[in-house]
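Notes to accompany the following structure.
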Amino acid sequence: MKWEGNRESDNVEDRRSGGGGGGLLGGRSIGIGTIVVALVGGWIFGINPLTILSMLSGGTPTAQVQQGPAQRPPADDRMASFVSTVLADTEDVWKDVFSKGGGAYQEPRLVLFRGATATACGQGQAAMGPFYCPADQRVYIDLGFYETLQKKLGAPGDFAQAYVIAHEVGHHVQNQLGITGKMEQMRGRASKVEYNAMSVRLELQADCFAGLWAHHAQRARSILEQGDVEEAMNAAAKIGDDALQGSRGGAVVPESFTHGTSAQRARWFNTGLQQGSVKACDTFSTRNL
590 MKWEGNRESD NVEDRRSGGG GGGLLGGRSI GIGTIVVALV GGWIFGINPL TILSMLSGGT
650 PTAQVQQGPA QRPPADDRMA SFVSTVLADT EDVWKDVFSK GGGAYQEPRL VLFRGATATA
710 CGQGQAAMGP FYCPADQRVY IDLGFYETLQ KKLGAPGDFA QAYVIAHEVG HHVQNQLGIT
770 GKMEQMRGRA SKVEYNAMSV RLELQADCFA GLWAHHAQRA RSILEQGDVE EAMNAAAKIG
830 DDALQGSRGG AVVPESFTHG TSAQRARWFN TGLQQGSVKA CDTFSTRNL
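Heads up: take any position in the sequence shown, counting from 1, add 589, and you land on my numbering.
Given below as C-alpha cells:
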C-alpha cells in the first residue's frame with residue numbers, strides 16, 4: 590500500500606503512556622475483536638464485543654468518561670504514522686461520499702492504547718481486538734493486534750492492517766447513518782439467534798464499506814500495490830466465524846456466528862471494492878449473503 594508522505598489525520602489520540610481516564614458510560618462497542626477473544630483471550634466464541642463491553646461495565650450507565658488531555662503519537666512512530674495516514678484517507682473518502690449524497694460526514698477519533706482503556710462503552714481490553722464505540726464515536730486499537738493478525742491469524746501485510754481500520758470506520762459510518770441505533774433497538778425484541786443473524790449483516794456491511802473506501806481511495810490516489818487486494822481478501826477470510834471456530838478444533842455452529850463466514854466476508858469486501866457504492870453494501874435487504 591502506498592501511504593508514506595500522504596496526509597496524516599489529526600484525529601488520533603495516543604493513550605499508550607498510561608492515560609485513558611476512569612468513568613464509564615453504558616454504551617456498546619462494535620468490533621472485529623471477537624476473533625482475538627476466541628483465539629487469544631480464551632473466551633467462548635460467539636460473544637459480540639457489544640455484549641462483552643456491556644458486561645465489563647456492569648451494564649450501568651454513568652455520566653461520562655473522564656480523560657486527561659489528548660496526546661498525539663510521537664512523530665517518529667512509524668506504525669502510528671501508518672494508522673494516522675489510513676484514517677486520514679478514510680476521512681477524505683467518506684467526506685466525499687457523504688457530500689455527494691447531500692450529507693456531512695463527522696470524523697471519528699482513533700485511540701491508540703495498550704492493554705486496557707476506559708471508553709464510553711465500558712472498559713476496552715486489548716484482547717477484544719480493534720473496536721468501535723458508538724457512544725463516543727471512537728475507534729480503539731492496541732497496535733499489538735497487528736502482530737496477532739500476522740502471526741496467529743495468518744493475515745500479514747500493510748493493506749490487511751488498513752482493512753482492519755477501514756472496517757471499524759465502517760461501523761462509524763453505520764452509526765452516522767442510523768443503522769447502529771436500529772440494531773440497538775432490536776436487542777430487547779430479538780432472540781439471541783435472531784440478533785446474531787442481524788449482527789452478521791452489520792459486520793458484513795462494515796466489510797463492504799471497507800471495500801468501498803479502497804475503491805474510492807484507489808481512484809483518487811492510486812494507493813494499491815500488487816498483492817494488496819489479496820492481503821485484504823485473505824484477512825477477511827481468516828476472520829470468518831467458520832474459520833475461527835474450526836481453527837479451535839471444535840464444531841462450527843452457524844447459529845452462533847456474529848461476523849459472517851470467510852466466504853461472506855471476502856465477498857462483501859470485494860463488493861465494496863468493485864462497486865464503490867453505499868447502495869451496493871445493503872446487506873440488510875439481500876437474501877444472498
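Glycine is no exception: its CB is placed at the ideal position from the N, C-alpha and C atoms.
Since the structure is predicted, the reported quantities are computational estimates derived from the model, not experimental observations.
Assign T875 to one of two classes, buried (16 or more other C-beta atoms within 10 Å of its C-beta) or exposed (fewer than that).
Under this definition T875 is an exposed residue.
State yes or no: is the C-beta of T674 within less than 7 Å of the C-beta of E597?
Cβ atoms of T674 and E597: closer than 7 Å.
Within its chain, find whatever has a CB closer than 8 Å to the CB of V629; leave out the 5 residues flanking it on each side and keep chain order.
Residue placement at V629 is poorly supported in this model, since its pLDDT is 34, which falls under 50; the coordinates are not used for a value here.
Quick check: L699 and L676, are their CB atoms within less than 7 Å of each other?
Their beta carbons are under 7 Å apart, which means L699 touches L676 by this criterion.
Should V625 go down as buried or exposed, given a rule of 16 or more other Cβ atoms within 10 Å for buried?
Annotation note: pLDDT 40 at V625 (below 50); position unreliable, coordinate value reported separately. V625 counts as buried, since no fewer than 16 other beta carbons sit within 10 angstroms of its beta carbon.
If you draw a straight line from the C-alpha of R854 to the C-alpha of G861, how long is it?
Near 11 Å, if we compare the C-alpha coordinates of G861 and R854.
For T708, which beta-bridge partners are listed by DSSP?
G711.
G540: buried (16+ other C-beta within 10 angstroms of its C-beta) or exposed?
Summary: the structure shown does not reach residue 540, with the chain confined to residues 590 through 878, and so no result is reported for it.
Inspect the beta-carbon positions of Y735 and A799 and report whether they are closer than 7 Å.
The Cβ atoms of Y735 and A799 lie no closer than 7 Å to each other.
For A824 and W857, I'd like the C-alpha separation in whole angstroms.
Rounded to the nearest whole angstrom, the CA to CA distance from A824 to W857 is 13 Å.
Using the C-alpha atoms, what's the distance from G770 back to L791?
G770 has its alpha-carbon roughly 12 Å from the corresponding atom of L791.
On the three-state DSSP scale, how would you describe R605?
Of the three classes helix, strand and coil, the one that applies to R605 here is coil, per DSSP.
For A806 versus V682, is the C-beta spacing smaller than 7 Å?
Yes, Cβ-Cβ distance for A806 and V682 is below 7 Å.
Verify whether the separation of the beta carbon atoms of Y729 and H760 is less than 7 Å.
One thing to note: Y729 has its Cβ no nearer than 7 Å to the Cβ of H760.
Helix, strand or coil at S643 [DSSP, three-state]
Summary for S643: the model assigns pLDDT 41, below 50, so the residue's position carries little reliability; its value from the coordinates is reported in the next sentence. Note: S643 maps to helix in three-state DSSP.
For V700, the first and last residue of its enclosing beta strand (DSSP E)
DSSP places V700 in the uninterrupted beta strand (DSSP E) bounded by R698 to L701.
Close Cβ partners of Q714 (< 6 Å) along its chain, the five nearest in sequence each way excluded
Leaving aside the five residues that flank Q714 on each side, the residues in its chain whose CB is nearer than 6 Å to its CB run, in chain order, A705.
Can you grab the Cα-Cα spacing for the pair F873 / M787, in whole Å?
Looking at the two C-alpha atoms, the distance is approximately 8 Å.
Cβ separation of V547 and L801, assumed to be a contact under 8 Å, to the nearest whole Å
Given a span of 590 to 878 for the chain in the structure shown, any question on residue 547 remains unanswerable.
In terms of residues, what are the limits of the alpha helix (DSSP H) holding I754?
Residues D747 to Q765.
Here's the rule: buried if 16 or more other CB atoms are within 10 angstroms of the residue's CB, otherwise exposed. What is N877?
Within 10 angstroms of the beta-carbon of N877 lie fewer than 16 other beta-carbons, which makes it exposed.
Start and end of the alpha helix (DSSP H) containing G770?
Looking at the DSSP string, the run of the alpha helix (DSSP H) that includes G770 is I768 to M775.
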